[in-house]
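Asker: One structure coming up, written as structure tokens, with questions to follow.
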Amino acid sequence: MVQTRVLKIIASGFTLLFTIYSLKHFPPTTNCCVKISTPEPIEEAFVTFCDSNPDYLALLETVLDSVHHFSTRPIIVYGIDVDLKLNFQKYPRSIQRRLKQSDCGQSIYFCKLAAIVHSNVRYGIYIETDTLVNWNVDVLFDVLHQWSYALPIAPRHPNDPRNYKRFLKQFDLDFSNRTTPYIHAHLLWTFRSYGFLREALAYMQKGYFLGANYDETGINVLLWKAKANHTLCKIDPFFTFLSVYEARQRHCTEFCHTAFILVHGSKNSTEMRDLFDRLKRHAGFPFIQTVNNGFHYLNQSEHSCCYPDSRPSSIHPLLCEHSG
1 MVQTRVLKII ASGFTLLFTI YSLKHFPPTT NCCVKISTPE PIEEAFVTFC DSNPDYLALL
61 ETVLDSVHHF STRPIIVYGI DVDLKLNFQK YPRSIQRRLK QSDCGQSIYF CKLAAIVHSN
121 VRYGIYIETD TLVNWNVDVL FDVLHQWSYA LPIAPRHPND PRNYKRFLKQ FDLDFSNRTT
181 PYIHAHLLWT FRSYGFLREA LAYMQKGYFL GANYDETGIN VLLWKAKANH TLCKIDPFFT
241 FLSVYEARQR HCTEFCHTAF ILVHGSKNST EMRDLFDRLK RHAGFPFIQT VNNGFHYLNQ
301 SEHSCCYPDS RPSSIHPLLC EHSG
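Per full-length UniProt numbering, the sequence shown runs over residues 1 to 324.
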């Protein structure tokens, strides 16, 4: 009897040692699709992310300046594998959070979707760390409150790169299946969009869309797969076109049909600061650009920012409807 008990104790000891050894040398495998816990919902907010790259950290400060100057909404800033040191006295409507690169997938670009999904914002606007908001940006929340569909929306891109054929094929699509023009992935979404957004993130965590324009390619392909038929107007011109807005240029010669609500693209922090100062000096300017009739305000409904190959949506004048 005693011998049996001794043998059981010895066996238990070996089992414990083996378990400790296994945990140390053979860590458990993880699912490819990381489930991200979500905080309590916030009604409306901007969302962005930044890693420890000092160039982007320098840009982030001006992004926060523009949001706090021109908007009344909060901004959620995700540090990717870094604890951001935000100045909450200077930026009281900033919310600081953290994600791991492993939450996103193999590319840092996929952290956009991870941040959006984790944010749990009911009405959200994603902006990059190279993007400034203009005086009229809060009108985009009005768009969201009128958008009742289960898909995110995004602005039309002025240039379709057409570099995504192999990704279309992965979903049994080709160029003829595109239901909207190519969009720029400054995403706007509502609580109804989270099913689509979680699916998009899951694909990226599995290794899809590694190439072409990464998350932007993925969003375009998945929107076409879902037969989306709306885009926003081009609301986020490249920063070099700000002079057109400042001058209220009457005749447009390139990349017309623009609503100057976001300005993006500069990777130079000094240049970003200058852009912000210029936006402040021209706050209140009309911002809907036409081809030959100069700039107008949104309530001048006879002028649209939709391209001629689409039609203004009955939902909101900043939305354009496409027939595929």
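Glycine included, every Cβ here is placed at the ideal spot set by N, Cα and C.
(1) Do residue 279 and residue 134 have their CB atoms nearer than 7 Å?
(2) Give every residue of the same chain whose Cβ lies closer than 7 Å to the Cβ of residue 144, excluding the five residues on either side of it in the sequence, and list them in chain order.
(3) Would you call the CB atoms of residue 259 and residue 219 closer than 7 Å?
(4) Can the beta-carbon of residue 149 be found closer than 7 Å to that of residue 47?
(5) Figure out for me which residue from 54, 270 and 262 has the closest Cα to the Cα of residue 138.
(6) Can you tell me which of the three DSSP states residue 68 falls into?
(7) CA-CA distance, residue 304 and residue 152?
(8) Grouping DSSP H, G and I as helix and E and B as strand, with all else coil, what is residue 147?
(9) Rounded to whole angstroms, what is the Cα-Cα separation between residue 297 and residue 170?
(10) Expressed to the nearest angstrom, what Euclidean distance is found between the alpha-carbon atoms of residue 253 and residue 247?
(11) Contact between the region 160 to 179 and the region 111 to 120 is defined here as three or more beta-carbon pairs at a separation below 8 Å; is this criterion met?
(12) Mind checking who residue 295 pairs with in its DSSP beta bridge?
(13) So which of 309, 310 and 290 has the shortest CA-CA distance to residue 302?
(14) Using DSSP bridges, identify the partner residues of residue 230.
(15) Could you check what DSSP says for residue 47 in three-state terms: helix, strand or coil?
(16) What three-state label does DSSP hand residue 189 in the structure shown?
(17) What three-state label does DSSP hand residue 245 in the structure shown?
(18) What does the Cβ neighbour count give for residue 283, buried or exposed, with the cut at 16 atoms within 10 Å?
(19) Look at the alpha carbon of residue 26 and the alpha carbon of residue 100, and state the distance between them as a whole number of angstroms.
(20) Going by other Cβ atoms of all chains shown within 10 Å of its Cβ, with 16 needed for buried, is residue 178 buried or exposed?
(21) Throw me the rounded Cβ distance for the residue 56 and residue 131 pair, which I believe falls under 8 Å.
(22) When you compare each of 110, 80 and 90 to residue 98 by their alpha carbons, which one comes out closest?
(23) Determine the burial state of residue 205: buried for a count of at least 16 other Cβ atoms within 10 Å of its Cβ, exposed for fewer.
(24) For residue 137, which beta-bridge partners are listed by DSSP?
(25) Please classify residue 72: is it buried, with 16 or more other beta-carbons within 10 angstroms of its beta-carbon, or exposed?
Answerer: Taking the coordinates as given:
(1) Taking the sequence shown and counting its residues from 1, one reaches residue 279 at position 279. Taking the sequence shown and counting its residues from 1, one reaches residue 134 at position 134. For residue 279 and residue 134, yes; Cβs fall inside 7 Å.
(2) Position 144 of the sequence shown, counting from 1, holds the residue named residue 144. The residues are 123, 188 and 190.
(3) Within the sequence shown, the letter at position 259 stands for residue 259. Within the sequence shown, the letter at position 219 stands for residue 219. Cβ atoms of residue 259 and residue 219: not closer than 7 Å.
(4) Translated into the one-based positions of the sequence shown, residue 149 becomes position 149. Translated into the one-based positions of the sequence shown, residue 47 becomes position 47. Contact flag unset, no.
(5) Position 138 of the sequence shown, counted from the start, is the residue given in the question as residue 138. Closest option to residue 138, Cα to Cα, is 262.
(6) Mapped onto the sequence shown, residue 68 falls at position 68. It is helical.
(7) For the purposes of this step, residue 304 is taken as residue 304 along the sequence shown, with counting starting at 1. For the purposes of this step, residue 152 is taken as residue 152 along the sequence shown, with counting starting at 1. Rounded to the nearest angstrom, the two C-alpha atoms are 21 Å apart.
(8) Indexing the sequence shown from 1 puts residue 147 at position 147. Of the three classes helix, strand and coil, the one that applies to residue 147 here is coil, per DSSP.
(9) The residue labelled residue 297 in the question sits at position 297 within the sequence shown. The residue labelled residue 170 in the question sits at position 170 within the sequence shown. Looking at the two C-alpha atoms, the distance is approximately 42 Å.
(10) Residue mapping note: residue 253 aligns to position 253 of the sequence shown, counting from 1. Residue mapping note: residue 247 aligns to position 247 of the sequence shown, counting from 1. Using only the alpha carbons, I get a separation of about 14 Å.
(11) no
(12) For the purposes of this step, residue 295 is taken as the residue at position 295 of the sequence shown. Looking at the DSSP assignment, residue 295 forms a beta bridge with 289.
(13) Indexing the sequence shown from 1 puts residue 302 at position 302. When only C-alpha atoms are compared, the closest one is 290.
(14) Position 230 of the sequence shown holds residue 230. Partner(s): 321.
(15) Within the sequence shown, the letter at position 47 stands for residue 47. Reduced to three states, the DSSP call for residue 47 is strand.
(16) As a first step, residue 189 is located in the sequence shown; it is residue number 189 there, counting from the start. Residue 189 falls in the strand class under three-state DSSP.
(17) To locate residue 245, count along the sequence shown from 1; it is residue 245. Reduced to three states, the DSSP call for residue 245 is helix.
(18) By 1-based counting over the sequence shown, the position of residue 283 is 283. Classification of residue 283: exposed, given that the 10 Å Cβ count is below 16.
(19) Taking the first residue of the sequence shown as position 1, residue 26 is located at position 26. Taking the first residue of the sequence shown as position 1, residue 100 is located at position 100. Low per-residue confidence applies at residue 26: pLDDT is 35, beneath 50, and the placement is therefore not dependable, though the value from the model is reported in the following sentence. Rounded to whole angstroms, residue 26 to residue 100 spans 22 Å at the Cα level.
(20) Translated into the one-based positions of the sequence shown, residue 178 becomes position 178. So residue 178 counts as buried.
(21) Counting from one through the sequence shown, the residue named residue 56 turns up at place 56. Counting from one through the sequence shown, the residue named residue 131 turns up at place 131. The pair is not a contact, with the Cβ atoms about 12 Å apart (cut-off 8 Å).
(22) Within the sequence shown, residue 98 is the residue found at index 98, counting from 1. Minimum Cα-Cα distance from residue 98 among the listed residues 110, 80 and 90 corresponds to 80.
(23) For the purposes of this step, residue 205 is taken as the residue at position 205 of the sequence shown. Under this definition residue 205 is a buried residue.
(24) Position 137 of the sequence shown, counted from the start, is the residue given in the question as residue 137. The partner list for residue 137 (beta bridge, DSSP) is empty, contrary to what the question assumes.
(25) Counted from its first residue, the sequence shown places residue 72 at position 72. That one is exposed.
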